[in-house]
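Enquirer: My structure is below; once you've seen it, I'll send some questions.
In our numbering, the protein residues as written are 197 to 334.
What follows is the structure in structure tokens.
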């Protein structure tokens with residue numbers, strides 16, 4: 197019983213140590229003033245409102261999204277500078293404090309529909325991962 201309680205205590209301490217820190221928009225993102233924000237934790241630059249970016253607004257197939265990103269000129273950058281993010285990069289934007297939407301709306305517009313990633317789902321044939329910021333689900 198003592199060994200089990202020590203294990204649980206250790207597990208609890210590890211969970212606290214690995215728990216994601218909650219950051220405010222000001223601590224996590226720098227507004228670059230051109231429709232983009234820079235993520236201070238990853239160094240990545242994100243479009244604040246993807247619906248405002250020409251050629252990327254609205255629903256599209258994955259190949260269309262990938263091509264639109266490759267051709268995009270936005271925030272003084274492009275073409276060939278914007279890319280679809282990997283799923284872990286998208287997950288870095290999930291706000292662990294807010295529950296709906298699961299993204300910091302002070303830095304981004306409320307993103308309701310799933311967003312494509314470049315990450316292939318190795319267990320599901322020719323599919324890629326998406327992330328829905330309405331609920332933070334893959």
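Heads up, the beta-carbon is just placed ideally off N, CA and C, and yes, glycines get one too.
What span of residues does the alpha helix (DSSP H) with residue 267 cover, start to end?
Expert: Start at 1 with the first residue of the chain shown, and residue 267 comes out as number 71. Element bounds for residue 267: 258-267.
Enquirer: Tell me the DSSP secondary structure of residue 318 in three-state form.
Expert: Start at 1 with the first residue of the chain shown, and residue 318 comes out as number 122. In this structure, residue 318 counts as coil in the three-state DSSP scheme.
Enquirer: Give me the Cα-Cα distance between residue 231 and residue 323, rounded to the nearest whole angstrom.
Expert: Taking the first residue of the chain shown as 1, we reach residue 231 at position 35. Taking the first residue of the chain shown as 1, we reach residue 323 at position 127. Those two C-alpha atoms are separated by around 30 angstroms.
Enquirer: Taking residue 283 as part of the alpha helix (DSSP H), name the residues at either end of that continuous run.
Expert: Taking the first residue of the chain shown as position 1, residue 283 is located at position 87. Unbroken alpha helix (DSSP H) run through residue 283: 283-287.
Enquirer: From residue 330 to residue 257, what does the alpha carbon distance come to, in whole angstroms?
Expert: Residue mapping note: residue 330 aligns to position 134 of the chain shown, counting from 1. Residue mapping note: residue 257 aligns to position 61 of the chain shown, counting from 1. Their Cα atoms are separated by approximately 20 angstroms.
Enquirer: Let me know the secondary structure DSSP gives residue 309 once reduced to three states.
Expert: Locating residue 309 in the chain shown gives position 113, where the first residue counts as 1. Residue state, collapsed to three classes: coil.
Enquirer: What's the gap between the Cα of residue 289 and the Cα of residue 226?
Expert: Within the chain shown, residue 289 is the residue found at index 93, counting from 1. Within the chain shown, residue 226 is the residue found at index 30, counting from 1. Cα-Cα distance, rounded: 14 angstroms.
Enquirer: Tell me whether residue 333 sits in a helix, a strand or coil according to DSSP, three-state version.
Expert: Residue 333 sits at position 137 when you count from the first residue of the chain shown. The answer is strand: DSSP assigns residue 333 an E or B state.
Enquirer: So, at 7 angstroms on beta carbons, what are the nonlocal neighbours of residue 259 in its own chain, with the 5 sequence-adjacent residues on each side left out?
Expert: Taking the chain shown and counting its residues from 1, the one referred to as residue 259 is at position 63. So the list is empty, once near-sequence residues are dropped.
Enquirer: Name, in chain order, the residues that DSSP records as bridge partners for residue 326.
Expert: Your numbering for residue 326 matches position 130 in the chain shown. The partner list for residue 326 (beta bridge, DSSP) reads 312.
Enquirer: Going by the DSSP bridge assignment, what does residue 290 pair with across the sheet?
Expert: Residue numbering aside, residue 290 sits at position 94 when the chain shown is read from its first letter. DSSP, once it has assigned bridges, lists no residue as partnering residue 290.
Enquirer: So if DSSP puts residue 235 in a beta bridge, which residue, or which two residues, is it bridged to?
Expert: For the purposes of this step, residue 235 is taken as residue 39 along the chain shown, with counting starting at 1. Residue 235 is bridged to 225.
Enquirer: Could you tell me which of 267, 229, 262, 279 sits nearest to residue 187, measuring between CA atoms?
Expert: Residue 187 lies beyond the stretch modelled for the chain, which goes from 197 to 334, so this question has no answer here.
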